[in-house]
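Just so you know, we're using our numbering here: the sequence shown kicks off at 88 and counts up by one.
Yeah, the Cβ is synthetic: ideal placement off N, Cα and C, and Gly gets one too.
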Amino acid sequence: MSDVPVMGSMPTQFEMGECTKLQRESLKCIEENYTNRNKCSEFFERYRECKKGRHAAIVAARRAGKLA
C-alpha cells in the first residue's frame with residue numbers, strides 16, 4: 088500500500104481516458120478563439136468521436152463482463 092501515490096482526490100475514469108488530450112486541445116482552442124467558435128469545430132468533432140468510441144468500448148467491456 089505504501090507504493091500508492093497520495094493524491095488530493097482520485098482521478099475519474101474520464102480523466103484517465105485517452106480523450107483527455109483532445110479535451111485539452113478543444114478548451115485551448117476556445118480560449119484562443121472565444122469570439123469565433125467555428126474555428127474550433129474540427130477540435131470539437133474529434134473530441135466527440137473519441138468520447139463516442141470510448142463509451143462504446145466501455146459498454147462492450149461491461150457486456151463481456153470485464154468491467155463491474
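- The shortest C-alpha to C-alpha distance from K108 to any of F130, N123, Y121 is the one to F130.
- If you check the CB distance, C127 and C137 do not come in under 9 Å.
- L109 sits in a helix when the DSSP states are folded into three classes.
- Separation of the CB atoms of G104 and R141 is rounded to 6 Å, and the pair is thereby assigned contact status at 8 Å.
- Rounded to the nearest whole angstrom, the C-alpha separation of R111 and R133 is 12 Å.
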